[in-house]
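Mapping of the sequence shown onto our numbering: residues 1209 to 1298, in sequence order.
Ideal placement from N, C-alpha and C gives every residue a C-beta, glycine not left out.
Please read all numbers here as calculations on a predicted model, not as lab measurements.
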Amino acid sequence: MQIDGIKDAAFNAAIQYPGSDFFVTNGLKGDSPVDGDGYLVMVNDEGDRIAFRSPGADWVFDSKPVLDYNKQIPNYTNAIKLPMISIENE
């Protein structure tokens, strides 16, 4: 699945919240197949929302995590786990 801007968003998430896993899912449809053109949310491994994207827009990072947004998202069958991005100098 192609999600516009996801690599940049994952990199920004790794900088702001190092050591967390990140998951992307539909913001309005629950645990259903992710629609890359729909409203999306990104949460950390605790289910705290850290970013969202409206259809046709760029990712917007919350100024601080929305705590306990949905603790089930990391366990959703259809949630997309983002690959860990290394931000260390080599």
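What does a CB cutoff of less than 6 angstroms around residue i pick up in its chain, not counting 5 residues either side in sequence?
i	result
Tyr1284	Thr1233, Asp1239
Only counting the same chain, and skipping five residues up and downstream in sequence, which positions put a Cβ closer than 8 angstroms to that of residue i?
i	result
Asp1266	Gly1213
Tyr1277	Val1249, Val1251, Gly1255, Asp1256, Arg1257
Pro1273	Tyr1225, Asn1252, Asp1256, Arg1257, Ile1258
Could you check the C-alpha separation between residue i and residue j for me, to the nearest Å?
i	j	result
Tyr1225	Ala1218	10 angstroms
Leu1236	Ala1221	21 angstroms
Asp1216	Ala1287	18 angstroms
Asp1229	Gly1264	25 angstroms
Tyr1247	Gly1227	26 angstroms
Ser1271	Ile1281	20 angstroms
Lys1279	Ile1258	13 angstroms
Lys1289	Asp1245	18 angstroms
Phe1269	Asn1252	12 angstroms
Within its chain, find whatever has a CB closer than 7 angstroms to the CB of residue i; leave out the 5 residues flanking it on each side and keep chain order.
i	result
Leu1275	Asp1256
Ser1262	Tyr1247
Give a yes or no on whether the minimum CB-CB distance between residue i and chain D is below 7 angstroms.
i	result
Val1249	Among the chains in the structure shown there is no chain D, since it carries only a single protein chain.
Please look up how many angstroms separate the CB atoms of residue i and residue j, rounded, as I've assumed it's under 8 angstroms.
i	j	result
Val1249	Phe1260	5 angstroms
Per DSSP, what are the beta-bridge partners of residue i in this structure?
i	result
Lys1289	Phe1231
Complete alpha helix (DSSP H) runs within the region 1227 to 1270 (minimum length 4 residues, chain order)
none
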